[in-house]
Structures are given as C-alpha cells and as structure tokens.
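Student:
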Amino acid sequence: KAGVTQTPRYLIKTRGQQVTLSCSPISGHRSVSWYQQTPGQGLQFLFEYFSETQRNKGNFPGRFSGRQFSNSRSEMNVSTLELGDSALYLCASSLERGLNTEAFFGQGTRLTVV
Amino acid sequence: TQLLEQSPQFLSIQEGENLTVYCNSSSVFSSLQWYRQEPGEGPVLLVTVVTGGEVKKLKRLTFQFGDARKDSSLHITAAQPGDTGLYLCAGMNNRLAFGKGNQVVVIP
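Chains as they are written, first to last, in our numbering: chain A, 1427 to 1540; chain B, 31 to 138.
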C-alpha cells in the first residue's frame, strides 16, 4: 500500500509570506502528527490530529496551525514566515492513537525561508 | 531543554566494528522507539520497547530498555556501510518526544 505522501517536497518562500503543507496518510490511518526538524533542535512536535480534531499541541507560536479533513488528509499552515522557520517538516501517520502505535513518516517538505 | 539526550552525537567507525549509542532521560516513558533516518527521507521505525529491562534483537542490532524505563541503548554488531544513518530515539507518554539523534557513519 502507498506510504505517507507529503507535498510539496521542496519550497522556497520569502519572509512574511504564508505557506500550506499537505500530508496524505496511509489509507485507513486516522492519526496524523506533524514535526519540525532542524539540525540544532532535532525533531520538535507541532501537533497531532485524530478524527479531524487536534488532540495534542507542541510549544510553537500561533503562526503554526493545522487541520485534518474527513478523509484523514492533513494540512499545516505557517503564517508570517520567519527565517527561523526554515526546516524539514515531517508528517507521520498512525492507525490509531495509542502508546505503542507505530508511526510511519513521509519524506518531508523542505521549507527554505529567504 | 531536550527531553531525551542522545550520545554520542556523531560516531564514525570502520566496517566490521561494533558500536553502541545511548538515549537518556530523567523522565519515565510508557515505551520507547528507535528510528533510523537517511538523508532526504523520513525516519523509519526499527523497534518499540515497552517493558523495563527488555532486550530486542533485529539481526545485528540489539536494543535495550533501561529497568527504570528512562533510558535505552542500541548496539550494532559488525557494522556495515548500510547501517549509516541518523538513529533517533523517541519516548512515548501522551505523544512521541524525540532526541536529536546519533549520526552514525560506517566507513567501508
């Protein structure tokens, strides 16, 4: 079956712009989580969605937001981009929520803010 | 403050050597997962350990979960170039918290 698909793979934006990233989870998976990965901070949790509801949120400013649709596809939006938002944004899908649920990651979207 | 500290950050070894990397925390986790990430790709799950003291083997990789469920180690026997990658540990409570990773380079 198809894996987690993230689009676009690469993106260049200028400061002050906004961006929307998309994630299509594995068919049948209902949980989608988003992470920001940078060399200095590693993988930082952004938020988790399950059945169209945000279940968990990391410590990021309100410029970072997301949503999940009825087909489990998810989008995240970053407004008023800053240089420090340059990172690899990873999406992970899981069948359910749970302590030992396996997370499957997409290849990520590489965002560069100039 | 990083919830999970991984050490060493970077390790370069010759093919055939053994290596051990560590993942430590002051927090107790319900379970701990290890992932490997290669350049340009997302992390891929290697193993989940749940019980304190648990040891799991995956071919030449041995994973151990500490008795107190706060730390873990990954040991690779007879490393091969294909083992090169960023090894990430992630502790699970209500969500996954990742360490910064152990960058392993195996030189042919």
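Note that the Cβ used here is the ideal one computed from N, Cα and C, for glycine as well.
Just so you know, these numbers come straight off a predicted model, no measurement behind them.
Rounded to whole angstroms, what's the CA-CA distance from D97/B to L49/B? Just pull it up for me.
Tutor: Approximately 21 Å, taken between the alpha carbons.
Student: Check the Cβ of Q1533/A against every Cβ in chain B and list those closer than 8 Å, keeping chain order.
Tutor: Within 8 Å Cβ-Cβ: G70, E71 and G72.
Student: Any contact between the region 1456 to 1474 of chain A and the region 1508 to 1521 of chain A? By contact I mean 3 or more CB pairs, one from each, below 8 Å.
Tutor: Yes, since at least three Cβ pairs between the region 1456 to 1474 of chain A and the region 1508 to 1521 of chain A fall closer than 8 Å, the two stretches touch.
Student: Quick one: any contact between the region 47 to 65 of chain B and the region 1508 to 1519 of chain A, if contact means 3 or more CB pairs under 8 Å?
Tutor: No, the region 47 to 65 of chain B is not in contact with the region 1508 to 1519 of chain A.
Student: Straight-line CA distance for G121/B to N1482/A?
Tutor: Roughly 15 Å separates the two Cα atoms.
Student: Go ahead and pull the three-state DSSP assignment for D97/B.
Tutor: It is coil, neither helix nor strand.
Student: Whose Cβ in chain A lies nearer than 9 Å to the Cβ of F128/B?
Tutor: Under the 9 Å cutoff, chain A gives Y1461, Q1463, G1468, L1469, Q1470 and F1471.
Student: The beta strand (DSSP E) spanning A1513/A covers which residue range?
Tutor: Residues A1513 to S1520.
Student: Which chain B residues are close to N1482/A, counting only those with a beta carbon under 9 Å from its beta carbon?
Tutor: Per Cβ cutoff of 9 Å: N124 and R125.
Student: Within its chain, find whatever has a CB closer than 8 Å to the CB of L41/B; leave out the 5 residues flanking it on each side and keep chain order.
Tutor: Closer than 8 Å at the Cβ level, and outside the excluded window around L41/B, lie L49, V51, N132, Q133, V134 and V135.
Student: Which residue from R125/B, T107/B and E68/B puts its Cα closest to that of A1529/A?
Tutor: If we check each option's Cα against that of A1529/A, R125/B comes out closest.
Student: If I follow the unbroken beta strand (DSSP E) through L41/B, where does it start and stop?
Tutor: Start and end: F40 to Q44.
Student: Buried or exposed: where does F1495/A fall if 16 or more other Cβ atoms within 10 Å of its Cβ makes it buried?
Tutor: Answer is exposed; the Cβ neighbour count stays below 16.
Student: So the beta strand (DSSP E) E35/B belongs to, where does it begin and stop?
Tutor: Element bounds for E35/B: E35 to S37.
Student: Suppose the cutoff is 6 Å on Cβ atoms and the five residues either side in sequence are ignored; what does the same chain contact list for E84/B look like?
Tutor: Within the same chain, E84/B has close Cβ partners F95.
Student: Assuming R99/B contacts G82/B under a Cβ cut-off of 8 Å, what Cβ separation, rounded to an integer in Å, is found between them?
Tutor: So it is a contact: roughly 5 Å between Cβ atoms.
Student: Which of helix, strand or coil does DSSP assign to L1507/A?
Tutor: Three-state DSSP puts L1507/A in coil, outside helix and strand.
Student: Give me the residue from I1438/A, G1429/A, G1488/A and G1484/A with the minimum Cα distance to S1538/A.
Tutor: The sequence as given places Thr at residue 1538/A; Ser does not occur at that position. Checked all of I1438/A, G1429/A, G1488/A and G1484/A; the closest Cα to T1538/A is I1438/A.
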